[in-house]
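For the record, in the sequence shown the residue sitting at position 363 is 389 according to the working numbering, with numbers rising by one throughout.
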Amino acid sequence: MNELLRPCRNVFVTFRKICLDRRVFNLFLAIAIGTLSGLGAVLFHHILQGAQYAFYQESGDILGFYGGLARWKLFLLPALGGLIVGIIVRYGASEAKGHGVPEVMSALTLKGGRIRKRVALVKIIASAVCIGSGGSSGREGPMVQIGSSVGSTLGQLFRVPVMEQRTMVGCGAAAGIAATFNAPIAGTLFALEILVGDFGLSSFSPVVLSSVTATAISRAYWGDLPTFNLPLYEIHSFWEYGIYPFLGILAGLAAVLFISVLYASEDFFERLALPDWTKPGLGGLLLGSVLFFFPHVFGVGYGSMNLALHGRLPGLMLLALVFAKVIATSCTLGSGGSGGIFAPSLFIGAMTGGFFGWLAMLLFPGYVAPSGAYALVGMGAVVAGTTQAPITAILILFEMTGDYKIILPMMITCIIATLTASAIKSGSIYTLKLKKRGIDISGGLEQNILRTLRVGSFMYKGPATIPEDMLLIDIIQTFRSDDASYLHVLDDKGLLAGIISFRDIRPYMNEECFGKGTTAGKICTKAPVTVTPQDSIQSALAIMGQHGISQLPVVESGGTRRLLGTLPQRDVLAAYDKAVLKREIQES
27 MNELLRPCRN
37 VFVTFRKICL
47 DRRVFNLFLA
57 IAIGTLSGLG
67 AVLFHHILQG
77 AQYAFYQESG
87 DILGFYGGLA
97 RWKLFLLPAL
107 GGLIVGIIVR
117 YGASEAKGHG
127 VPEVMSALTL
137 KGGRIRKRVA
147 LVKIIASAVC
157 IGSGGSSGRE
167 GPMVQIGSSV
177 GSTLGQLFRV
187 PVMEQRTMVG
197 CGAAAGIAAT
207 FNAPIAGTLF
217 ALEILVGDFG
227 LSSFSPVVLS
237 SVTATAISRA
247 YWGDLPTFNL
257 PLYEIHSFWE
267 YGIYPFLGIL
277 AGLAAVLFIS
287 VLYASEDFFE
297 RLALPDWTKP
307 GLGGLLLGSV
317 LFFFPHVFGV
327 GYGSMNLALH
337 GRLPGLMLLA
347 LVFAKVIATS
357 CTLGSGGSGG
367 IFAPSLFIGA
377 MTGGFFGWLA
387 MLLFPGYVAP
397 SGAYALVGMG
407 AVVAGTTQAP
417 ITAILILFEM
427 TGDYKIILPM
437 MITCIIATLT
447 ASAIKSGSIY
457 TLKLKKRGID
467 ISGGLEQNIL
477 RTLRVGSFMY
487 KGPATIPEDM
497 LLIDIIQTFR
507 SDDASYLHVL
517 DDKGLLAGII
527 SFRDIRPYMN
537 EECFGKGTTA
547 GKICTKAPVT
557 VTPQDSIQSA
567 LAIMGQHGIS
577 QLPVVESGGT
587 RRLLGTLPQR
597 DVLAAYDKAV
607 LKREIQES
């Protein structure tokens, strides 16, 4: 009997080991995140349609009902929607303001992927009201933040480690993009390329599963159809490949224009002496004046993009809509509205590419594809320029259209657009927003906090010191007795003359140097870099990074070089962690 039960017992033991394995558990957690994020995308879609119907008694594209719409509604309803959004954000969650992705990046960098639980619900409502009332923004930013909030909440619920928590947030972001655009591959690449920054198997596998799960749910509701219906496009001539690089340069410049105007608008609204919750209403009023002349820029704008892709808009109208969309989106998001920048980037790219194609047809009739082909390539190029993520841009356009024939021009144009934009702007539309707040994504530190901390509050006031004439044998003994990483060399007036590390004395550890009576004054590094007690921790860290050192002497201000203490890097980081914890406690 035991012989018969042993195989069953072995199977059970193996199954239990697999189920208890952390990596397998994370895969099940990723599926749960994908499921909830996919359902969140469906919920957001219905709430958005309901919000638009509440404002305009219509739920389709603006171009379908604009003719019968009272013009006063385009002035007042976006302003009303903005006021509602301002109140929701003010009393719900401040993170719901803006385009969402920088908030997720900040949480990943500074908070270990922890996002407040209420953010998902507040973001759904705020973004639905904003876009539904006519706000010029996209659905992907809200869905990234909603999905990331779901991933963060489940990760905290099951107490996953910090590194795995970051992956769970990435799972939610990928699921949000995948469900919004029916693009599981692009959703995966977006999360890994822009947010998580890790393509290892431990991150890649959960993100893929989450993205696929969310896509399956969205397809169950809306079907497996591309976002845009395209006519058949082909490259008319080999020489046409020589035209697309110029489109890449133009798209890169359009991306820079969009980023610059958006953040100039943010600065303008921040300087206004008005309560923050009223500013989206003012932005909505300014948006209404743009919608009066250009209703095409209402909301997400897929209808107008389809017109550009089919070559049904005049060339000068295409050019005008580039500027109209930039201004409309800047009024919406710059004032504190809620939505994403992905759809506006697609819109600006479609109009930029369409205008470029229109010019190409005028200059080279019969030798180039219709303007719609350039509109399609322009969509990906401007997205690549704004996000500086060309792989994601290429894949998302491929999945949204299902057209492989345009992939080669898309690759050329997206790369050149990214290079053009990055040559002018030192970051993407996401990272530049964080830099404006003083957050360094690459270093994982919040510069605003570092600026407020002073060296004098955290320096060690008992540094190891030796006189200039101390002999080498005594220097070695001092290193051993004081257990110091550095010895500070003082001259006969007690002022800092130099600094010695144990690495500095190694070349002198021979019989000849011992016999000659080599002193500290000969060995030390003369005139070392120093800081004063009034300097900020930010500048101290910058000096450490620039010179590759882990400790700085602290001297009196005024250039006297009188030694007051020393600032080890570990104390700097400990001070930073303490300040961040204090701020998080105050915010909570």
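A virtual CB, placed ideally from N, CA and C, is assigned to each residue, including glycine.
Give the straight-line distance between the Cα atoms of residue i and residue j, rounded to the nearest whole angstrom.
| i | j | result |
| --- | --- | --- |
| residue 560 | residue 481 | 6 Å |
| residue 341 | residue 135 | 44 Å |
| residue 95 | residue 452 | 43 Å |
| residue 703 | residue 438 | Given that the chain is displayed from residue 27 to residue 614, the structure contains no residue 703 and the question cannot be resolved. |
| residue 247 | residue 424 | 21 Å |
| residue 385 | residue 344 | 11 Å |
| residue 60 | residue 237 | 6 Å |
| residue 461 | residue 65 | 33 Å |
| residue 415 | residue 444 | 8 Å |
| residue 263 | residue 87 | 36 Å |
| residue 615 | residue 306 | Limits of the chain in this structure are 27 at one end and 614 at the other, which puts residue 615 out of reach. |
| residue 137 | residue 500 | 47 Å |
| residue 596 | residue 576 | 8 Å |
| residue 130 | residue 107 | 25 Å |
| residue 31 | residue 231 | Unreliable placement is indicated for residue 31, whose pLDDT of 49 sits below 50; no coordinate value is reported for it. |
| residue 172 | residue 396 | 38 Å |
| residue 503 | residue 491 | 13 Å |
| residue 332 | residue 557 | 59 Å |
| residue 599 | residue 79 | 52 Å |
| residue 521 | residue 578 | 15 Å |
| residue 39 | residue 182 | Note on residue 39: pLDDT 48, under 50, position unreliable in the model; no value is reported. |
| residue 256 | residue 449 | 33 Å |
| residue 573 | residue 583 | 21 Å |
Closer than 7 Å by C-beta to residue i: which residues in its own chain qualify, once you throw out the five before and the five after it? Chain order, please.
| i | result |
| --- | --- |
| residue 110 | 155 |
| residue 99 | 82 |
| residue 591 | 485, 486, 487, 489, 580 |
| residue 283 | 352 |
| residue 370 | 162, 163, 164, 351, 355 |
Less than 9 Å between the C-beta atoms of residue i and residue j, yes or no?
| i | j | result |
| --- | --- | --- |
| residue 382 | residue 276 | yes |
| residue 55 | residue 233 | no |
| residue 180 | residue 58 | yes |
| residue 455 | residue 367 | yes |
| residue 280 | residue 240 | no |
| residue 409 | residue 372 | yes |
| residue 204 | residue 418 | no |
| residue 170 | residue 198 | yes |
| residue 68 | residue 220 | no |
| residue 274 | residue 549 | no |
| residue 327 | residue 161 | no |
| residue 102 | residue 321 | no |
| residue 278 | residue 446 | yes |
| residue 420 | residue 406 | yes |
| residue 259 | residue 433 | no |
With distance defined between alpha-carbon atoms, name the residue in the options nearest to residue i.
| i | options | result |
| --- | --- | --- |
| residue 14 | 168, 230, 574, 457 | This structure leaves residue 14 out entirely; the chain is present only between 27 and 614. |
| residue 132 | 457, 390, 108 | 457 |
| residue 351 | 163, 396, 251, 176 | 163 |
| residue 314 | 157, 411, 269 | 157 |
| residue 265 | 184, 390, 205, 293 | 390 |
| residue 394 | 510, 593, 268 | 268 |
| residue 51 | 388, 216, 184 | 184 |
| residue 359 | 459, 567, 142 | 459 |
| residue 174 | 483, 73, 191, 195 | 195 |
| residue 567 | 553, 479, 189 | 479 |
| residue 189 | 346, 465, 48 | 48 |
| residue 71 | 176, 450, 244, 178 | 244 |
| residue 570 | 554, 318, 177 | 554 |
| residue 93 | 319, 430, 75, 533 | 319 |
| residue 498 | 73, 365, 533 | 533 |
| residue 510 | 588, 216, 594, 387 | 594 |
With a threshold of 8 Å on Cβ separation, who are the neighbours of residue i within its own chain once the five nearest residues in sequence on each side are excluded?
| i | result |
| --- | --- |
| residue 91 | 82, 84 |
| residue 300 | 308 |
Kindly list the residues whose CB is nearer than 6 Å to the CB of residue i, restricted to its own chain and excluding five residues on each side of it in sequence; keep chain order.
| i | result |
| --- | --- |
| residue 311 | 105 |
| residue 348 | 374, 377, 378 |
| residue 612 | With a pLDDT of 49 at residue 612, under the threshold of 50, the modelled position of that residue is not reliable, and no figure is offered here. |
| residue 356 | 287, 288, 291 |
| residue 144 | 119 |
| residue 115 | 122, 123, 152 |
| residue 552 | 524 |
Taking 8 Å as the threshold, find out whether the region 139-153 comes into contact with the region 113-128 through three or more Cβ pairs.
Remark: three or more beta-carbon pairs, one from each stretch, lie closer than 8 Å, so the region 139-153 and the region 113-128 are flagged as touching.
Three-pair Cβ contact test at 8 Å for the region 506-515 versus the region 526-534
They touch, by the three-pair rule.
Below 8 Å, can you find three or more Cβ-Cβ pairs linking the region 372-380 to the region 395-415?
By the Cβ rule, the region 372-380 counts as touching the region 395-415, because three or more pairs are nearer than 8 Å.
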